[in-house]
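So the structure is just underneath, and the comments pick up after that.
There are 2 protein chains.
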Amino acid sequence: MEKVKARTLSGFMELPPAPQQQMEALLATLRRVYALYGFAPLDTPAIEAAEVLLAKGGGETEKQIYRFMKGDSDIALRFDLTVPLAKFVAANYAELHFPFRRYQIGKVWRGERAQRGRFREFYQADIDVIGDGKLDIMNDAEVPAVIARAFSELGLEDFTIRINNRKVIGGYFELLGVRDRTTEVLRTIDKLEKIGLEKVCAILRDDCGLDGAQIDGALEFVTLSGTDEEKLAFLDGRAHENALLAEGARELRAVVEALPSLGVAKGNFAIDLTIARGLDYYTGTVYETRVNSHPEIGSVCSGGRYDNLAEYYTDRKLPGVGMSIGVTRLFYVLQQAGMLNPAVNTAPCDAIVLPMTEDTAFAARAATALRAHGVRAQLYTEQKKFKQKLSYASALNIPYAVIIGEDELAAGEVSLKDMAAGTQARYTPEDAARRIAAAIESRAGEKLIKLN
Amino acid sequence: MEKVKARTLSGFMELPPAPQQQMEALLATLRRVYALYGFAPLDTPAIEAAEVLLAKGGGETEKQIYRFMKGDSDIALRFDLTVPLAKFVAANYAELHFPFRRYQIGKVWRGERAQRGRFREFYQADIDVIGDGKLDIMNDAEVPAVIARAFSELGLEDFTIRINNRKVIGGYFELLGVRDRTTEVLRTIDKLEKIGLEKVCAILRDDCGLDGAQIDGALEFVTLSGTDEEKLAFLDGRAHENALLAEGARELRAVVEALPSLGVAKGNFAIDLTIARGLDYYTGTVYETRVNSHPEIGSVCSGGRYDNLAEYYTDRKLPGVGMSIGVTRLFYVLQQAGMLNPAVNTAPCDAIVLPMTEDTAFAARAATALRAHGVRAQLYTEQKKFKQKLSYASALNIPYAVIIGEDELAAGEVSLKDMAAGTQARYTPEDAARRIAAAIESRAGEKLIKLN
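Going down the list, the protein sequences come from chains A and B. In terms of our numbering, the first sequence is residues 1271 to 1722. In terms of our numbering, the second sequence is residues 1271 to 1722.
The structure is reproduced here in structure tokens:
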């Protein structure tokens, strides 16, 4: 028979079993933490009507989207989780209760040019709070508090959520007299980290037409150093001159002052007046998250406040605030940077049960006892030599082997072998199960990420 | 601005928040039980090269598949999880260790005619064990043991996994002298439950050309009643006449005799010689699973043994055995039949924290304390009247409200309101957290499914 080459498309992550266990641990932690903060899970279809997905229209999105006809239907794969959320909220407005807090963890698809570390299919893990008409500023503190908790539980302690407010930037640039060029100026400032101060100044002068005093003012703002309190004091000092700046400064203060009460450690957040976020629809708070020891990774979680989630579908004003983790890319960079903790068990099971005789019934009962104690157990009954069976267990990094030979069978016991230590001792199946369960429990504190 | 209608495509399940919590519980139980039996998670792309997905080619699949061009690439959405598994195993053969036990829970897409209870996008939850060259028959018992455990943990105790073996059927019909018409005869017998005995006989006579003795033989076989042991005795009685029948009977006996040692209750499995399974590629053990009190649902989990998983990609013989739950359809029928346990909490959180004053810092600390005790907590800071806040909590079925007025604030305490009982008492935030955590714990035994 003519064979088809078994291949996976480029730009699509497909992990071998051991790293997939790490990915599952990552996803499970995000699900658990998101739920802990009172966010409800949402699961929208991968496929939507193209008209719905592209309601906002235009730009990069339209070029990258996987869009196709099925019969008479013009359909497409979702390219983010925000548009489906907007659709869901608009379509189910009457049945929902606001504020509506949802999380969604799922794949999205973008036909980007394939290159190393870029994926055409990737998981996003989003949280958003949607209000009906208005939404309290405390939500802008809750959202990064959830993300901080998630990163901490993953073991990624060394991060900083950088916080800014579009009103602060907008108001300040209005004050400088460049209100009409706010978008261009913001876009330019957004490139500060990428292209450096000098080039930013040149663009502000040559392309945006700012004069010397305006550039100085812009520079004073974006290079402002000091503590969060010092930055807030600087903003407060100018707040009486501009209402938008005053509002932004008030919001920014409310957010950073609430974070410690919400359990976020002082080192895990900071005001950064240079953060503007490229997306046009953020209107208030904006966030980016950096791993301090690995700045080259870029932002691992971003988001912000928007005035109108679903304006393409409804006249109702539905303001929201949210953050999104690009999980597939995060996992990829953690892997590449060697930041995944090797102490986390990636074996398919905790114990392998190896019957050495023809009698498999006692081995089956031993496996059942292990599972009753929550021990992930594989019953191995293939006709192989003992050495081959142990090699299989070693190759998969299975920590325990439960061996049942003639002697054990006669005694109604098992030999429990600690694969790493090489030690072995006899127990009843129940006792072996208890010992393994206790050993797993003692290692449960190991976190997925370990900084090197 | 012109609005686009916010709509979801027909045939695509999109659940409101409360039922979505039930669906998440279903998926979480399957993930946990599958892992408990030593199956490794696998996550393959939704999109594959069309050539890879359609390697087997032909039939219904090709008509239903979502296939399209992206640039020069002829690609398609997966329509099951078995073909991607075959591709994965063939592509990664050298790095895998056999037997390879994997589970995969993910969406698949089929452009079927939309009708009530039929979905174009649905979750499958598959387990398979793949051997290299050969695979021990004990695996054919392990696989239904996993499914039985999963259903039990879901609360669906009232099920029977019906087991048969294609070699038994094939051998028996060879014995009757209708070997050349085995496929047609099997297909006809497969319809027994749907069209009844009389029509099956007519087809066997008129279309398959069986004579009276052959039909009698066929009928004796498919209407055989009695215990599993009696059925095995019947097969053993004829086994010396046909080698294939003998092999099938031996395998069938091995499977049903192993199930009790693997923890499967006697009532949860039974030999059913009428089960043949439509799919052509099953070669040994076959399974179907019925909910006894709801036969109209049909099989909720099916599968079997196949000789050659990846024959379209590789010359290596990779036999396997697996079962698959159609999760979306199962969830739909459970919902329709009123079998989802109303005692399982579907609220987005266990407790809502309601500050009644301007001071939100203490409320934030209270929410943080709740979360530290594993209590899913929402901090509600919108400017609403007390009554509206409580209505919000009631509408979402949130079981506890943690109320912080001026008195509580002054005392450093909270008022804990049991929303169902209507009772209320004052505690420190820590004590309130402990009380709620204990109450959640005491209800953790509630299972998702409750038969009525």
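Just so it is clear, CB atoms sit at the ideal spot from N, CA and C, and this is done for glycine as well.
Nearest candidate by alpha-carbon position, reference residue i, set the options
| i | options | result |
| --- | --- | --- |
| B:D1688 | B:M1283, B:I1710 and B:E1700 | B:I1710 |
| B:L1494 | B:A1316, B:N1434 and B:L1529 | B:N1434 |
| A:F1349 | A:Y1670, A:R1390 and A:K1340 | A:R1390 |
| A:Y1670 | A:N1512, A:D1677 and A:R1704 | A:R1704 |
| A:G1401 | A:L1686, A:I1673 and A:Y1576 | A:Y1576 |
| B:R1277 | A:L1297, A:L1610, A:M1626 and A:Y1363 | A:Y1363 |
| B:A1690 | B:Q1334, B:S1661 and B:Y1304 | B:S1661 |
| A:K1654 | A:G1682, A:P1625 and A:N1667 | A:P1625 |
| B:K1536 | B:G1308, B:M1609, B:P1414 and B:L1306 | B:P1414 |
| B:G1574 | B:L1324, B:I1417, B:F1309 and B:E1332 | B:I1417 |
| A:F1309 | B:C1619, B:A1420, B:G1341 and B:L1604 | B:C1619 |
| B:S1664 | B:T1627, B:S1685, B:T1616 and B:A1708 | B:T1616 |
| B:G1608 | B:P1289, B:V1274, B:K1275 and B:E1272 | B:P1289 |
| A:Y1307 | B:R1419, B:V1645, B:P1287 and B:G1554 | B:V1645 |
| B:L1462 | B:G1479, B:A1483, B:R1451 and B:F1491 | B:F1491 |
Contact check, residue i vs residue j, beta carbons under 8 Å
| i | j | result |
| --- | --- | --- |
| B:V1614 | B:L1718 | yes |
| A:T1638 | B:G1533 | yes |
| B:I1439 | B:A1546 | yes |
| B:P1315 | A:E1284 | yes |
| A:L1300 | A:I1595 | yes |
| A:I1431 | A:F1539 | yes |
| A:T1651 | A:T1627 | no |
| B:A1260 | B:L1679 | Chain B is shown only over 1271 to 1722; residue 1260 of chain B falls outside these bounds and no answer can be derived. |
| B:Y1583 | A:K1273 | yes |
Segment limits, beta strand (DSSP E) that includes residue i
| i | result |
| --- | --- |
| B:E1558 | Y1552 to V1561 |
| A:A1364 | Careful: A:A1364 lies outside any beta strand (DSSP E) and carries neither H nor E. |
| A:K1377 | F1370 to W1379 |
| A:I1595 | G1590 to G1596 |
| A:M1408 | Run containing A:M1408: none in the beta strand (DSSP E); it sits in the alpha helix (DSSP H), M1408 to L1424. |
| A:L1624 | A1621 to P1625 |
| A:K1340 | R1337 to K1340 |
| B:R1233 | The requested residue 1233 of chain B is not part of the displayed model; chain B covers only 1271 to 1722. |
| B:V1672 | Y1670 to I1674 |
| B:F1491 | Run containing B:F1491: none in the beta strand (DSSP E); it sits in the alpha helix (DSSP H), G1482 to V1492. |
Contacts around residue i, its chain only, beta-carbon distance under 7 Å, and the 5 residues preceding and following it disregarded
| i | result |
| --- | --- |
| B:E1517 | K1437 |
| A:D1677 | none |
| B:V1359 | L1366, F1370, I1400, L1579, A1580 and L1588 |
| B:Y1504 | Tyr is not the amino acid found at residue 1504 of chain B; the sequence shown has Phe there. Hits under 7 Å: L1494. |
| A:L1456 | I1439 and A1546 |
| B:A1519 | V1438, L1502, L1505, D1506 and A1509 |
Distance, residue j Cα to residue i Cα
| i | j | result |
| --- | --- | --- |
| B:M1408 | B:R1449 | 28 Å |
| A:V1525 | A:Y1602 | 31 Å |
| A:L1467 | A:I1541 | 19 Å |
| A:S1563 | A:D1428 | 7 Å |
| A:G1568 | A:R1560 | 6 Å |
| B:G1590 | B:L1502 | 24 Å |
| A:E1294 | A:G1425 | 15 Å |
| A:R1302 | A:L1312 | 14 Å |
| B:L1446 | B:E1454 | 14 Å |
| A:L1351 | A:K1357 | 10 Å |
| B:Y1442 | B:D1486 | 13 Å |
| A:D1498 | A:L1543 | 10 Å |
| B:Q1394 | B:E1566 | 20 Å |
N- and C-terminal bounds of the alpha helix (DSSP H) containing residue i
| i | result |
| --- | --- |
| B:G1441 | R1436 to L1445 |
| A:E1391 | That residue, A:E1391, is in no alpha helix (DSSP H); its beta strand (DSSP E) goes E1391 to I1400. |
| B:Q1293 | For clarity, residue 1293 of chain B is Met in the given sequence; the question names Gln instead. Its alpha helix (DSSP H) spans residues P1287 to L1306. |
| B:I1473 | L1467 to D1476 |
| A:Y1662 | F1656 to A1665 |
| B:R1635 | A1631 to A1642 |
| A:I1545 | Premise fails: A:I1545 is in no alpha helix (DSSP H) and is neither H nor E. |
Contacts around residue i, its chain only, beta-carbon distance under 6 Å, and the 5 residues preceding and following it disregarded
| i | result |
| --- | --- |
| A:W1379 | Y1336, L1347 and E1391 |
| B:Y1304 | Y1373 and I1397 |
Nonlocal neighbours in the same chain, by C-beta distance under 8 Å from residue i, ignoring five residues either side
| i | result |
| --- | --- |
| A:A1384 | S1280, G1281 and R1390 |
| A:N1611 | G1425, E1716, K1717, L1718, I1719 and K1720 |
| B:C1471 | I1485 and L1489 |
| A:A1420 | T1299, L1300, V1303, Y1304 and I1595 |
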